[in-house]
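Enquirer: Pasting in a structure now, in structure tokens, and then I'll have a few things to ask.
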Amino acid sequence: MASGRQQDKQIYIGQSVPRLEDPPMVTGEARYAADINFPGQIHMRMVRSQHAHGEIVSIDRAEALAMPGVVAVWTAGDIPEVPPVDFREGSIPALDAYRQPVLADGRVRYVGEPVAAVFAEDAYLAEDAAEKVRVEVKELPVTLSAEEPPGEFEAGRDTEAAVVKQGYGDIEAAFASAHKVVELELSVGRHSGVPMETRGAIGRYDAAADMLELHGAAKVPHKNRELLARMLGRSLSSINLYAYHVGGGFGIRGEIYPEDILVLVAAMRLGRPVKWIEDRYEHLMTANHSRQQHHKIRAAVDADGRILGIDDEFFHDQGAYVRSHDTRVVKMTCGVLVGPYKVPAFSALGHFRLTNKTPAATYRAPARYETTFVRERLMDAIAGEMGINPIALRRRNLITSEEMPFALNLEALGDAIEYDSGDYEGLLDKALDQLDWETLQKDVKRRRADGEAVGVGIAMFVEKSGLGPSDGAKISVDNTGSVEVITGGASVGQGFETVMAQICADALGCDYRRVQVVHGRTDRIDYGIGAHASRATVVTGNAVNLTALKLREKALAAAAELLQAPISTLDISSGVVYRDDAGSDPSISLGDIARSLEPGLAAEERFHTDHQTYPYGSHIAVVVVDRETGGVKLERFLVAYDIGRAINPMLVEGQIAGGVAQGMGGALLEEFVYDDRGQPLAASLADYLLPGIHETPTVELLLAEDSPSRRNPMGIKGAGEAGVTGAGAAIASAIDDAIGIPGAITRLPVTPQRLMDILNSRQ
Amino acid sequence: MKPAPFQYHAPHTVAEAVARLAEVAPGGGLVLAGGQSLVPTMAFRLATPEHLVDINRIEGLGRIAVDGEVLSIGANVRHAAFHTPVMEGPLGALLTTVVRHIAHYPVRQRGTFCGSLAQADPASEWCLVAETLDATLIARSVRGSREIAARDFVLGAMTTALEEDELLVEVRLPVLPADSRFGFSEFSRRAGDFAIAMALVAYRLEDGVIAAPRIGVGGAEDRPRRIEAAEQALRGREPGSEAFQAAAEAAAAAVDPLSDFTTSADYRRGLVGTLTRRALQQAAA
Amino acid sequence: MSNGKTDITLTINGREHSLSVDPRRILADVIREECGQTGTHLGCEHGVCGTCTIIVGGVTVRSCLMFAVQCDGAEIRTVEGLAHKGELHPLQRAFMQHHALQCGFCTPGFLMLAVGVLEREPNISDDDLLDVLSSNLCRCTGYANIVKAVRAAAAEMRAA
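Chains as they are written, first to last, in the working numbering: chain S, 3 to 765; chain H, 218 to 502; chain C, 149 to 308.
So this is what it looks like as structure tokens:
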């Protein structure tokens with residue numbers, strides 16, 4: 003019955019529908035970079051610097067060249083036409099000198115830096131030969147701290163690549179009139195995404211068509227194509243990137259690295275496909291690091307604990323070179339530090355300094371994880387020094403929902419920051435409710451009386467998502483009624499295809515399982531924003547929505563003709579256009595409409611957004627400390643998060659749970675440690691400690707959808723980074739509470755030994 | 218992380234194996250048993266043996282049995298064999314308690330008790346067990362068979378008294394008296410990680426006071442060690458917090474802990490005291 | 149035989165592969181390359197992450213820690229062999245149902261780890277099951293859904 007169809011109309015948005023991505027993954031048929039092979043391919047293996055800083059005296063490749071299966075061995079001198087790895091947005095004169103050469107040229111600046119490339123018939127032989135390349139280096143003094151005065155980068159240039167400032171208001175007046183000034187020095191340890199799949203790339207060159215291909219791309223295929231085209235002096239249309247299955251990104255995979263350039267140049271010059279698969283040892287030393295910052299922060303507060311001003315000076319340990327993100331993380335640090343609080347006067351000064359370590363870039367919630375730790379420690383310290391309950395202190399300073407939208411006079415990612423909507427205090431209350439705060443406090447008291455060092459900590463934060471300026475999509479329906487959505491998005495495992503399919507299906511009126519989503523393919527679509535900065539669902543999702551609505555209109559118009567019915571009486575459900583009014587029965591499938599149209603049923607549309615959206619949340623952690631070993635057990639973890647509108651709640655929850663595990667790793671376990679010669683000590687998974695099942699609690703989740711974003715018609719805010727942002731801060735706060743020493747934790751990660759040092763020093 | 222080239226040998230008898238070792242060990246040949254420690258070092262090319270003598274196909278090396286007063290454990294007995302007690306009584310229970318701390322399930326399916334002894338990693342639980350319980354190790358070579366007492370076996374980190382061409386074929390653990398109590402406590406960063414320190418204790422009670430105390434500490438120094446001063450602090454005393462604290466303090470004072478860039482000697486020393494006390498509390502429970 | 153190849157036969161998911169391999173070739177590499185079964189992944193190549201977990205001769209092992217030559221004549225089971233005549237294994241279905249995978253890279257290792265232990269010990273206690281699952285690392289999910297999925301599949305496998 004026609005009217006019955008209306009009730010049957012399936013709505014996918016808001017439903018936890020199973021993922022379209024899953025079947026090949028559970029059957030082992032998914033194809034990751036290492037699974038891709040081309041006939042005639044050769045393997046690339048890097049020869050990497052064993053010194054943290056030095057001048058290359060000589061590179062002897064004679065023995066390597068003579069080994070079985072070796073096709074070529076390159077050094078910097080073999081690729082004079084290849085420029086240093088560019089910034090994603092193009093040349094920045096003040097920073098260009100700090101870019102990483104594809105192969106070390108004269109100097110090596112971190113252990114692991116590519117010095118030579120060996121090309122051989124298989125990976126084993128390539129590794130054998132790489133061992134035989136003799137690199138003689140005259141060691142130079144190493145710089146291992148961003149807080150030390152800058153050293154020499156090269157003649158006439160020091161290691162402070164940039165100084166970034168942001169601020170507003172009269173900071174001097176704020177401190178002059180302060181009732182109290184609270185000062186802290188805080189640091190976040192060096193850690194990073196460390197996905198389960200290492201990096202990999204295959205370069206292929208079709209000489210007949212002059213087409214260069216990079217297989218294994220992820221994250222930002224179109225931006226990467228632009229960058230590669232610039233660096234290699236080729237037209238955009240003569241390079242294509244192909245993404246396959248990707249074993250996690252977290253921000254660190256998918257930037258252009260030296261190895262990506264090399265496989266392409268080698269494919270062209272050697273006339274064979276070139277495959278490079280990174281091993282884990284290499285990964286830990288050469289894939290982007292992140293997070294290491296040292297902050298000297300002070301707050302001026304009035305007699306009621308209200309913030310009058312915050313002044314922060316920080317040192318960002320960038321590692322040896324400035325990679326594709328240029329100074330973005332430092333700029334963002336300045337912009338996002340104030341979080342959800344009203345700060346009448348603000349000054350942030352960031353020192354972007356190079357050291358002889360692996361270069362750093364963005365990792366999930368970049369600048370937010372770090373600044374949330376710093377800011378929330380500051381709030382706890384203010385509360386402690388003023389004798390105000392830490393939650394009450396926060397309430398006093400929060401931006402209220404009536405004050406939204408709230409402009410900050412600060413910027414991040416080139417965007418002026420204006421919080422769009424939010425009820426920070428309301429969500430905090432819900433979180434406390436969900437935890438049954440009163441009972442929890444009583445429990446904690448009782449357990450402490452029994453001798454347990456148990457504590458609770460809170461962190462509040464504002465996230466950012468939906469970075470524009472725009473994205474588009476192309477959607478077509480074929481004669482069988484199958485829908486193809488082509489986006490310039492990227493899948494790194496987060497369920498991109500499923501979410502886009504849900505959005506398309508709802509807007510168009512079909513089954514989401516009939517929607518095939520294409521992503522990561524520059525040859526299928528000329529533009530795209532990839533997947534990063536929690537923008538895919540917001541921006542690409544809205545683009546898909548608009549495109550599908552446009553397609554729906556086209557389909558209805560055609561159907562109106564074909565069915566001889568007024569368009570206002572028509573609707574689409576399960577891929578069939580039918581009459582909505584009583585009595586009439588004729589209907590027509592989308593596939594038949596497609597067949598009837600010349601040149602078919604398709605639409606293309608764009609979504610524009612001026613500003614990012616700013617979802618927000620609170621993290622609450624319960625920890626138990628073993629006072630005799632310094633061991634910390636994370637017992638409970640609650641994430642309260644404003645998602646705006648969840649397209650697929652199950653996927654949102656998964657993202658948040660994974661984020662919490664990473665945030666917790668950075669708080670307690672993960673750290674890239676270097677010895678005093680700049681040798682990396684965490685170069686295996688036995689030393690770089692990833693959280694396992696026993697270390698990771700089940701995350702309790704409170705998802706709020708009561709502040710949909712006003713910045714897009716679907717009201718969506720991104721969620722990819724929400725689990726990680728406040729974890730460091732919440733856990734630090736909980737540890738302080740557990741050991742009864744306010745302000746004890748000023749540094750992440752909190753290792754058992756560091757915690758014992760704190761406990762012992764207070765005896 | 219692919220291993221360097223080697224020649225592979227898979228003998229079917231001990232005689233064949235030791236003959237092969239005699240040929241290849243001087244030139245850098247190693248024994249391949251479980252491979253759970255050796256293969257990773259080969260992946261990092263920290264070890265580049267030119268020959269591997271795989272003993273997994275040798276019949277008879279998988280034997281585990283009580284022979285009178287000792288539990289005999291053959292070279293191919295896997296850690297997983299101890300997931301359930303291999304014999305009645307405290308020794309069986311002790312081995313099952315300890316094995317849970319060794320790496321993870323799949324590693325325990327392949328890794329061997331004897332392999333762990335031959336590897337002599339300071340964090341090896343079985344080395345601590347062998348040392349604390351006065352095990353005897355049987356080594357075979359083309360020159361014959363010899364017995365090595367546990368206390369003479371581990372010479373330092375990753376170094377044992379085995380000659381380069383000797384194969385550890387069996388270890389014999391003295392069966393603990395039926396009324397023995399034991400306790401084991403280990404601290405590591407995550408479940409299954411290498412122990413930063415660990416303590417294994419055993420004692421009996423005679424007329425309500427401690428007799429035959431054994432206190433072994435591992436992970437903290439370059440080899441596992443029984444701490445005589447700690448055992449002395451227990452002997453003849455009633456089990457309880459005073460005696461245990463005294464033993465713990467003695468153990469902490471006696472050790473000369475390893476230190477490295479991320480873990481200090483002092484921190485390990487503190488752990489030794491704590492873990493010794495906790496192991497004793499377990500034993501008394 | 150100096151650095152020469154060794155002839156071996158590996159039976160993978162019931163199918164025989166006759167090969168000639170260099171002794172140093174890691175079992176995981178041979179399964180993936182010579183035998184073309186790329187479902188088994190390499191996450192670390194030093195025996196820590198468990199991504200490469202498979203079943204050899206009925207034993208759950210890390211395939212990055214064995215040489216292919218050690219497995220001559222062995223029956224090997226990998227993720228590609230879990231589905232039976234097109235029907236997915238209860239574990240595979242449970243993983244999808246409970247959103248126990250995101251990027252999918254660690255998934256084959258977890259599936260084989262779970263299959264191995266549940267077949268041997270169908271009545272394994274929940275604590276022991278958790279201990280076994282703690283053998284493997286995942287960077288995406290935070291584990292809770294993996295545990296849920298395995299528990300659900302275990303119940304179904306016990307009932308069958």
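For glycine and all other residues, C-beta sits at the position ideal for the given N, C-alpha and C.
Answer with buried or exposed for LYS167/S, where buried requires no fewer than 16 other C-beta atoms within 10 angstroms of its C-beta.
Expert: Position 165 of the first sequence, counted from the start, is the residue given in the question as residue 167/S. By the neighbour-count rule (16 or more Cβ atoms within 10 Å), LYS167/S is not buried but exposed.
Enquirer: From the DSSP output, in three-state form, read off ALA221/H for me.
Expert: Position 4 of the second sequence holds residue 221/H. In the structure shown, ALA221/H sits in coil (DSSP, three-state: anything other than H, G, I, E or B).
Enquirer: Closer than 9 Å, CB to CB, is GLU228/C near chain S or not?
Expert: Taking the third sequence and counting its residues from 1, one reaches residue 228/C at position 80. Yes, because at least one Cβ of chain S sits closer than 9 Å to the Cβ of GLU228/C.
Enquirer: Which same chain residues end up closer than 7 Å to GLU405/S when comparing Cβ atoms and leaving out the 5 residues on each side of it in sequence?
Expert: Stepping through the first sequence from its first residue, residue 405/S is reached at position 403. Correct list: empty, nothing qualifies.
Enquirer: So, at 6 Å on beta carbons, what are the nonlocal neighbours of PRO368/S in its own chain, with the 5 sequence-adjacent residues on each side left out?
Expert: On the first sequence, position 366 is the one that residue 368/S refers to. Excluding positions up to five away in sequence, the list reads VAL331.
Enquirer: Can you pull the chain H neighbours of ASP281/S, defined as C-beta to C-beta under 9 Å?
Expert: Along the first sequence, one-based indexing puts residue 281/S at 279. Under the 9 Å cutoff, chain H gives MET218, LYS219 and ALA260.
Enquirer: If you draw a straight line from the C-alpha of ARG232/S to the C-alpha of PRO617/S, how long is it?
Expert: Within the first sequence, numbered from 1, the residue matching residue 232/S stands at position 230. Within the first sequence, numbered from 1, the residue matching residue 617/S stands at position 615. About 36 Å.
Enquirer: Using beta carbons (cut-off 9 Å, strictly below), is HIS194/C in contact with chain H?
Expert: Taking the third sequence and counting its residues from 1, one reaches residue 194/C at position 46. It does; some Cβ of chain H falls within 9 Å.
Enquirer: Give the single residue among ALA292/C, PHE253/C and VAL265/C whose Cα lies nearest to the Cα of GLU702/S.
Expert: Taking the first residue of the first sequence as position 1, residue 702/S is located at position 700. Comparing Cα-Cα distances from GLU702/S to each of ALA292/C, PHE253/C and VAL265/C, the minimum goes to ALA292/C.
Enquirer: Given that a residue counts as buried once 16 or more other Cβ atoms are within 10 Å of its Cβ, and exposed if not, what is GLN657/S?
Expert: As a first step, residue 657/S must be located in the first sequence, where it is residue number 655. By the 10 Å Cβ count, GLN657/S comes out buried.
Enquirer: Under 7 Å Cβ-Cβ, which residues of chain S neighbour SER282/C?
Expert: Here residue 282/C refers to the residue found at position 134 of the third sequence. Those are GLY694, ILE695 and HIS696, listed as they occur along chain S.
Enquirer: Taking the alpha helix (DSSP H) that ILE263/S belongs to, which residues open and close that run?
Expert: In the first sequence, residue 263/S corresponds to position 261, counting from 1. Element bounds for ILE263/S: 260-272.
Enquirer: Assuming the contact rule is C-beta atoms closer than 8 Å, ALA250/H and ILE272/H should be a hit. Round their C-beta distance to whole Å, please.
Expert: As a working note, residue 250/H is residue 33 in the second sequence. As a working note, residue 272/H is residue 55 in the second sequence. About 6 Å; that satisfies the 8 Å criterion.
Enquirer: Got a sec: which bits of the stretch 112-134 of chain S sit with their beta carbon under 8 Å from any beta carbon on chain H, in order along the chain?
Expert: Correct list: ALA125, TYR126, GLU129, ASP130 and GLU133.
Enquirer: Can you grab the Cα-Cα spacing for the pair VAL169/C / CYS212/C, in whole Å?
Expert: Reading the third sequence from its first residue, position 21 is the one you call residue 169/C. Reading the third sequence from its first residue, position 64 is the one you call residue 212/C. Between VAL169/C and CYS212/C, the C-alpha separation is close to 16 Å.
Enquirer: List, in order along the chain, the chain S residues whose C-beta lies closer than 7 Å to that of GLY487/H?
Expert: The sequence position of residue 487/H within the second sequence is 270, counting from 1. Ordered by position in chain S, the residues that pass the 7 Å Cβ test against GLY487/H are MET758.
Enquirer: By Cβ distance, which residues of its chain are closer than 6 Å to VAL265/C, with the 5 residues on each side in sequence left out?
Expert: By 1-based counting over the third sequence, the position of residue 265/C is 117. Answer for VAL265/C: VAL280, listed in chain order.
Enquirer: Can a CB atom of chain C be found closer than 9 Å to the CB of LEU249/H?
Expert: By 1-based counting over the second sequence, the position of residue 249/H is 32. LEU249/H counts as touching chain C.
Enquirer: Classify GLY162/C: buried if its beta carbon has 16 or more other beta carbons within 10 angstroms, exposed otherwise.
Expert: In the third sequence, residue 162/C corresponds to position 14, counting from 1. Classification for GLY162/C: exposed.
Enquirer: Can you list, in chain order, the residues of its chain whose CB lies under 6 Å from that of LYS552/S, leaving out five sequence neighbours each side?
Expert: Locating residue 552/S in the first sequence gives position 550, counting from the first residue. So the qualifying residues of the chain are ALA605 and GLU607.
Enquirer: Taking C-beta to C-beta, are GLY253/S and LYS221/S nearer than 9 Å?
Expert: For this step, residue 253/S is matched to residue 251 along the first sequence. For this step, residue 221/S is matched to residue 219 along the first sequence. Their beta carbons are under 9 Å apart, which means GLY253/S touches LYS221/S by this criterion.
Enquirer: Among residues of its own chain, excluding the 5 on either side of PRO220/H, which ones have a beta-carbon nearer than 8 Å to its beta-carbon?
Expert: Numbered from 1 along the second sequence, position 3 holds the residue referred to as residue 220/H. Only VAL256, MET259, ALA260, ARG262 and THR265 meet the Cβ criterion.
Enquirer: Closer than 6 Å by C-beta to THR313/H: which residues in its own chain qualify, once you throw out the five before and the five after it? Chain order, please.
Expert: Within the second sequence, residue 313/H is the residue found at index 96, counting from 1. Answer for THR313/H: PHE299 and PRO302, listed in chain order.
Enquirer: Whose Cβ in chain H lies nearer than 9 Å to the Cβ of LEU683/S?
Expert: Stepping through the first sequence from its first residue, residue 683/S is reached at position 681. Per Cβ cutoff of 9 Å: ASP477, PHE478 and THR479.
Enquirer: Just the C-alpha distance for PHE40/S and VAL276/S, rounded to the nearest angstrom, thanks.
Expert: In the first sequence, residue 40/S corresponds to position 38, counting from 1. In the first sequence, residue 276/S corresponds to position 274, counting from 1. Cα to Cα, PHE40/S sits roughly 9 Å from VAL276/S.
Enquirer: Considering just the uninterrupted stretch of the alpha helix (DSSP H) at ALA347/S, what are its terminal residues?
Expert: As a first step, residue 347/S is located in the first sequence; it is residue number 345 there, counting from the start. Here ALA347/S belongs to no alpha helix (DSSP H); instead the beta strand (DSSP E) covers 347-355.
Enquirer: Taking DSSP as the reference, what is the three-state secondary structure of SER362/H?
Expert: As a position in the second sequence, residue 362/H is number 145, starting the count at 1. SER362/H falls in the strand class under three-state DSSP.
Enquirer: Mark ILE160/C as exposed unless 16 or more other C-beta atoms lie within 10 angstroms of its C-beta, in which case mark it buried.
Expert: The residue given as residue 160/C occupies position 12 in the third sequence. The residue in question, ILE160/C, is buried, as its Cβ has 16 or more Cβ neighbours within 10 Å.
Enquirer: Measure from the C-beta of ASN273/H to each C-beta in chain C and report whether the shortest distance is under 9 Å.
Expert: Locating residue 273/H in the second sequence gives position 56, counting from the first residue. Closer than 9 Å to some Cβ of chain C, the Cβ of ASN273/H qualifies, so yes.
Enquirer: What beta strand (DSSP E) runs, 3 residues minimum, are completely inside the stretch 464-547 of chain S?
Expert: Runs found: 472-479, 485-489 and 517-520.
Enquirer: DSSP three-state label for ASP612/S, please.
Expert: Here residue 612/S refers to the residue found at position 610 of the first sequence. In the structure shown, ASP612/S sits in coil (DSSP, three-state: anything other than H, G, I, E or B).
Enquirer: DSSP on ASN273/H, reduced to helix/strand/coil?
Expert: Against the second sequence, residue 273/H aligns to sequence position 56. Coil, per DSSP.
Enquirer: With DSSP collapsed to three states, give me the class of GLU164/C.
Expert: One-based indexing of the third sequence puts residue 164/C at position 16. The answer is strand: DSSP assigns GLU164/C an E or B state.
Enquirer: Counting only beta-carbon atoms, is ASP410/H nearer than 9 Å to chain S?
Expert: Taking the second sequence and counting its residues from 1, the one referred to as residue 410/H is at position 193. Closer than 9 Å: yes.
Enquirer: Name, please, each residue of chain H whose Cβ falls closer than 7 Å to the Cβ of THR631/S.
Expert: Along the first sequence, read from residue 1 onward, the residue named residue 631/S stands at position 629. Those are PHE404, LEU488 and THR491, listed as they occur along chain H.
Enquirer: Residues of chain H with CB under 9 Å from MET305/C, in chain order?
Expert: To locate residue 305/C, count along the third sequence from 1; it is residue 157. Near MET305/C there are no residues of chain H at all, since even the closest Cβ is about 18 Å away, more than 9 Å.
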